[in-house]
Amino acid sequence: MTGPDLVALLRAAVASTTRTEPASVGEDSSLRALGVNSMRALRIAARLERELGAPVAPWPLLEHDRLGDAAAAIVPGTDEPPRHRPGPWRPLSHAEQSQWYLDWSEPGATRYVFSGAIRLRGPVDPAALGAALSAVVRRHEPLRTRYGTGPDGVPRAVAADPYPVALPVTGEPLDQVVRAERETPFDLTGGRLLRARLVRLAPEDHALVLAAHHIAVDGWSFGVLLRELGGRSPELTAGYPDAVAAEAATWRADGPRQREWWRGYLADAPPALDVPGDLPVGPGATGAGRVLRFAVEPAVTAAVRALPATPYAVLFTAFAVVLHRRAGRDDLLVGTPLANRARPRFHDLIGMFVNTVVLRSRAGRDTTFAALLRATRDGLLGAMTHQEVPLPEITAAAQGAARDPLVRVMFDLHSFPPGELALPGVEVLAGDGGPLTLNSFETPGSQAKFDLTLTMEDTGEALLGALEYRTDRYTRRWADGFVEDLLAVLTEATRDPDTRVRDLAAGRGEPSVVRGEPAPPGEWTVHGLVGGRPEAVAVVDGDEALDYAELDRRAGELAGRLRALGVGAGTTVALLAERSAGLVVDVLAVLRAGGAFLPLDPRHPVDRMHAMLADGDASLLLTREHLTARAGRGAGRDLGAGRRVITLRHTESTRRDAGQADTAYVLFTSGSTGRPKGVAVSHRSLAVAALTWRREFGLGEGDVVAQIAGCAFDVFCGELVRALGTGARLAIVPDDVVLDPVRLHALLRDAGVTCAEFVPSVLAPLVDLGRELPSLRRVVIGVEPWTAGEQARLRALLRPEAVVHNTYGLTEATIDSTGEILTGTDGLPAEHRFPVGWPFSSTTVYVLDESRRPVTVGLAGEVWIGGTGVAQGYVGRAAHTADRFRPDPFGDPGTRMYRTGDRGRLLPDGRLVLLGRLDRQHKVRGTRVDLEEVEAVLAGAPGVRRAVVVPEPAGLVAYLVREPSAATEPREVAAHAARWLPRTVCPVRYAVLDRPPLTPNGKIDVAALAGVPTQPVAAPAPARPASTTEREIARLCAEVIEGGPVGEVDPAADFFELGGHSLLLARWIGLVRDRFAVDLPIREVLLRPTVARVAELVEAGAPAARTPTAGHTRIRWSARPQRGGDDERP
1 MTGPDLVALL RAAVASTTRT EPASVGEDSS LRALGVNSMR ALRIAARLER
51 ELGAPVAPWP LLEHDRLGDA AAAIVPGTDE PPRHRPGPWR PLSHAEQSQW
101 YLDWSEPGAT RYVFSGAIRL RGPVDPAALG AALSAVVRRH EPLRTRYGTG
151 PDGVPRAVAA DPYPVALPVT GEPLDQVVRA ERETPFDLTG GRLLRARLVR
201 LAPEDHALVL AAHHIAVDGW SFGVLLRELG GRSPELTAGY PDAVAAEAAT
251 WRADGPRQRE WWRGYLADAP PALDVPGDLP VGPGATGAGR VLRFAVEPAV
301 TAAVRALPAT PYAVLFTAFA VVLHRRAGRD DLLVGTPLAN RARPRFHDLI
351 GMFVNTVVLR SRAGRDTTFA ALLRATRDGL LGAMTHQEVP LPEITAAAQG
401 AARDPLVRVM FDLHSFPPGE LALPGVEVLA GDGGPLTLNS FETPGSQAKF
451 DLTLTMEDTG EALLGALEYR TDRYTRRWAD GFVEDLLAVL TEATRDPDTR
501 VRDLAAGRGE PSVVRGEPAP PGEWTVHGLV GGRPEAVAVV DGDEALDYAE
551 LDRRAGELAG RLRALGVGAG TTVALLAERS AGLVVDVLAV LRAGGAFLPL
601 DPRHPVDRMH AMLADGDASL LLTREHLTAR AGRGAGRDLG AGRRVITLRH
651 TESTRRDAGQ ADTAYVLFTS GSTGRPKGVA VSHRSLAVAA LTWRREFGLG
701 EGDVVAQIAG CAFDVFCGEL VRALGTGARL AIVPDDVVLD PVRLHALLRD
751 AGVTCAEFVP SVLAPLVDLG RELPSLRRVV IGVEPWTAGE QARLRALLRP
801 EAVVHNTYGL TEATIDSTGE ILTGTDGLPA EHRFPVGWPF SSTTVYVLDE
851 SRRPVTVGLA GEVWIGGTGV AQGYVGRAAH TADRFRPDPF GDPGTRMYRT
901 GDRGRLLPDG RLVLLGRLDR QHKVRGTRVD LEEVEAVLAG APGVRRAVVV
951 PEPAGLVAYL VREPSAATEP REVAAHAARW LPRTVCPVRY AVLDRPPLTP
1001 NGKIDVAALA GVPTQPVAAP APARPASTTE REIARLCAEV IEGGPVGEVD
1051 PAADFFELGG HSLLLARWIG LVRDRFAVDL PIREVLLRPT VARVAELVEA
1101 GAPAARTPTA GHTRIRWSAR PQRGGDDERP
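Read in the UniProt record's numbering, the sequence shown has 158 at position 158, and its numbers run on one by one without any break.
Set out below in structure tokens:
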């Protein structure tokens, strides 16, 4: 056909399909402006195919906006469409295979049962309606197909005889009937995949309730069904088996090329999208779901249609913007079902054609909505032109194995008409009395198919939406906020598409700002808070005990000597001494003299101490005689009691007392990202913290506070003022005792310690002893994440009235910023990490985006701390101070806030949840991964107490701290990781430790791990099947995996890692079941799909039931075409 003729045909087809005046459709017309979307493109192609008598692909109509360009790109096909060859059975289509597997893996589930109601107002003849339904069943084979497996374990389909559709009339409540149908599973072996009931609401008011399994219908099918119920049944030029044959032919000819496209599109793709909710996911997670329905305002709907893209692309892009923000990811994957009905002869068929594909969305810092929309359109066109690849194959293309689910979030747009049910004298509406739409047939069930599913419907007049969400992950409040975000993004993006993605709807919703109580009034200094009854013991250090009177005397005497040396407000004195009662005296003396103290830990490397002395702006060094050599600054002057003072630099002293604005101490950070930085903290900051602890912890004269932290760690300052600022007793725990759990337990017991703060790495060995801690009534946890498993083990050793505080803080924000008392752990998995609580007094927590704007509560962002606790800055580091300490635009004039570098989000109740360090996100083999997420997964493996992951060029290296007496094997932990992590981010080497190396501050010493030997996961030689059962199961495994291992299979090898996928797994288990005549618990197989595990289940299993279960039936084949005789039924 010539170009002009094809243009004329296309103009007529476009005008008819879009219901546009033909004269206004020309060669230069914009197809998108005329409303040509993917579904209309299919109908236009169908019309052209009928008129040309040759196949016409719809893709040019989507790839080109100008009508003339689309016409030039259309090339009618010449191949004769393949037809199904009649036989006793047929193979399953890709879509049927997916549905069959879902039913096989979860027998009795109703996630994929379609049900809905059609309101019929007027005279209804139940017998005629039942006859019409029966006629539909006769015409459409999928509604009367039986599914089972052949002798080779492969699922197959057999057409059963047509059956009369019973149409019982009931007076039960409509909602109850719809719900009952929705929750009643179908037997895929029975050949009856459509049910109907007629509900009598009034004499001439009925509701037709329909239910069908998704293996037999898709959304398009319901439009066909309605038209045929109304008597419009066009001649069918093909049947569903022909569609299966056409798909197979396309797959044979074009499958490799299409697979290769998906490999390129998903290269370096991230794992499945996990959108954080506001509920913890525990072992009792049910997958229950609810649906929230909404509508887009008419003005916004019009603006969506006016953009130079299809409504699908616009709506998907807006959805992706919200997902980017809520998940905190710049690269994410979303599943979407495609109609997969490109061939017009299949348009009038009922059947399951839909294939789920994956769309990728990447949004950088400055990406605009318009740019993201263009990328979405390009990705959608690519996916549509390669949509014959089934999801397991797409998953394998992305991950190298089909083990991990690639889709946890779905998007769908229904833009095809639901079909018109025309019954004489009857008004047809949706079950609720509203307009009949496709969503009328997607009544929500009790189970959600995915974490989140957004289904939009374009009725031609309106855009309607339904958000299905898992109720064990998300609350209704969270879902409401999500929809509000979506509508706000749509409104703003259609108003100005050039808006940056990160700016869209950025200011809406409840901001992530939570403030603690106001600071107590008054002028405060640290040493002004210290005191207790003179005769009460203040400090215990081994055999030495100082009461408050003696502590005051010694500190006052030393303060006088320091004053004589020029110490006063504005000067800093470095302290180099072991933790002892004498060091406590040193600290108080410096503060009373008006100076600031800079503690140095003698255990630190000499070069590090010298760097601190050089950068800390200290005037004097107060040390001990035996430590002067480490200081490297000469012998200094004798101050008595073994003390030596060394002048570091000469300064003019103000000789005035310190006020609350003066520096109280300088502490150096760990320096994990470079040279250590000295943090200067004021008297007011530490004093307000002390008053907060006094109130929060309820400490008093009867308490004994353990001093465990290294002196160069900010918790050292906290322990000191918690005790001495409340009249309590401070019990010094020597360094060698801290790391010896037996001696530490004895000291806590003998000293009667009532309050102690621990880093989890230090506390774990103490808890592992399993000895009660009867004196402790208050345990403070900080620095590292605290899990439910650790909490449960600790609680078992404490008295019932004891409390555990989980806290979060930083040196730059004066030790503790947030905290809460932990309660029970019921229903929480052992690896669950607790929130870190609410802000303490005079503290504000912000969660901000990259532009330092508060994100909406529940969304992820960077944690910033404001309030009195914010430090003065980094000593001598003006540029670093300006970068991390910023003016607080949300606080009082002149206040500042600190940028923590931690990623987190606020819960609706105001508690802070930490999501890891921003600087701990790395790209591993092209996949961005948060190392703390990997560590959390590894820590959930049996026998693992804690895990540290370090990135190296070859991949991640995992260091595992084993549970006491556990035989922790890297291979088993690696298998656990493979079940929960994408293959690309699973560690490649492992080491197992009884105890991790610790820094002087009690943190895990990551640098020291470099010297620990590691081994690759695959170091052990593959095992061989040990028993007759294992050998036979391994043989069947090798038989099933095409191109897989020949001969015996390693019993411990994961089926998916061997090259299997879900459908092959079903075939393998079917063969095992038949070979050994046992029923296998499918869930157990899926948790650990290895030869060894299947052999265990076989040897412990029950005999196979005589009555087959849905989807598991072996079909016996006769030599003649199947007619449904009794001897041939499954």
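Ideal Cβ placement from N, Cα and C applies to all residues, glycine included.
This structure is a prediction, so every number in the text was calculated from the model and none was measured.
Sequence-distant residues of the same chain with beta carbon closer than 7 Å to residue i, five excluded per side
| i | result |
| --- | --- |
| ALA618 | THR572, VAL573, ALA574, LEU598 and LEU648 |
| PRO1081 | LEU1097 |
| PRO405 | ALA272 |
Residue i burial status per 10 Å Cβ neighbour count (16 or more: buried)
| i | result |
| --- | --- |
| ALA1008 | exposed |
| GLU468 | buried |
| GLN176 | exposed |
| VAL199 | buried |
| SER965 | exposed |
| ILE821 | exposed |
| ARG1015 | According to the sequence as given, residue 1015 is Gln; it is not Arg. GLN1015 comes out exposed. |
| HIS414 | buried |
| residue 1132 | Since the first residue shown for the chain is 1 and the last is 1130, residue 1132 is missing from the structure and cannot be characterised. |
| ARG144 | buried |
| ALA479 | buried |
| HIS650 | exposed |
| VAL742 | exposed |
| ALA342 | buried |
| LEU551 | buried |
Cβ neighbours of residue i in the same chain (closer than 8 Å, five flanking residues each side left out)
| i | result |
| --- | --- |
| HIS976 | VAL937, LEU938, GLY940, ALA941 and PRO942 |
| ALA978 | ARG403, CYS986, ASP1054 and GLU1057 |
| ALA73 | PRO60, GLU63 and HIS64 |
| ALA569 | GLY594, GLY595, THR654, ARG656, ASP657, ALA658, GLY659 and ASP662 |
Length of the line joining the Cα atoms of residue i and residue j
| i | j | result |
| --- | --- | --- |
| THR499 | ALA792 | 49 Å |
| MET897 | VAL681 | 14 Å |
| ALA216 | LEU391 | 18 Å |
| VAL224 | PHE450 | 27 Å |
| THR18 | VAL36 | 7 Å |
| ALA211 | GLY289 | 19 Å |
| ALA295 | LEU463 | 6 Å |
| GLY53 | GLU106 | 45 Å |
| LEU167 | ALA320 | 43 Å |
| ASP5 | ARG40 | 21 Å |
| PRO997 | ALA253 | 58 Å |
| SER1027 | PRO951 | 40 Å |
| MET612 | VAL666 | 10 Å |
| TYR312 | THR900 | 40 Å |
Residues that DSSP places opposite residue i in a beta bridge
| i | result |
| --- | --- |
| TYR265 | TYR265 pairs with nothing; no bridge assigned. |
| HIS805 | VAL780 and ILE821 |
| GLU772 | Answer is none; GLU772 lacks a bridge partner. |
| TYR469 | ARG290 and LEU452 |
Cutoff 6 Å; reference residue i; Cβ partners in own chain excluding five residues on either side
| i | result |
| --- | --- |
| TRP59 | THR385 |
| TYR474 | GLY277 |
| ARG833 | PRO785 and THR787 |
| ASP768 | PRO964 |
So does the stretch 694 to 708 actually touch the stretch 731 to 750, counting three or more Cβ pairs closer than 8 Å? yes
Contact between the stretch 511 to 527 and the stretch 828 to 845: three or more CB pairs below 8 Å? yes
If you pair each beta-carbon of the stretch 232 to 248 with each one of the stretch 325 to 339, do three or more pairs fall below 8 Å? no
Using 8 Å as the Cβ pair cut-off and three pairs as the minimum, do the stretch 356 to 370 and the stretch 316 to 332 touch? yes
So does the stretch 146 to 153 actually touch the stretch 108 to 120, counting three or more Cβ pairs closer than 8 Å? no
Between the stretch 718 to 736 and the stretch 529 to 538, do at least 3 Cβ pairs fall closer than 8 Å? yes
Evaluate contact between the stretch 688 to 704 and the stretch 611 to 629, counting only Cβ atoms and requiring at least three cross-stretch pairs below 8 Å. no
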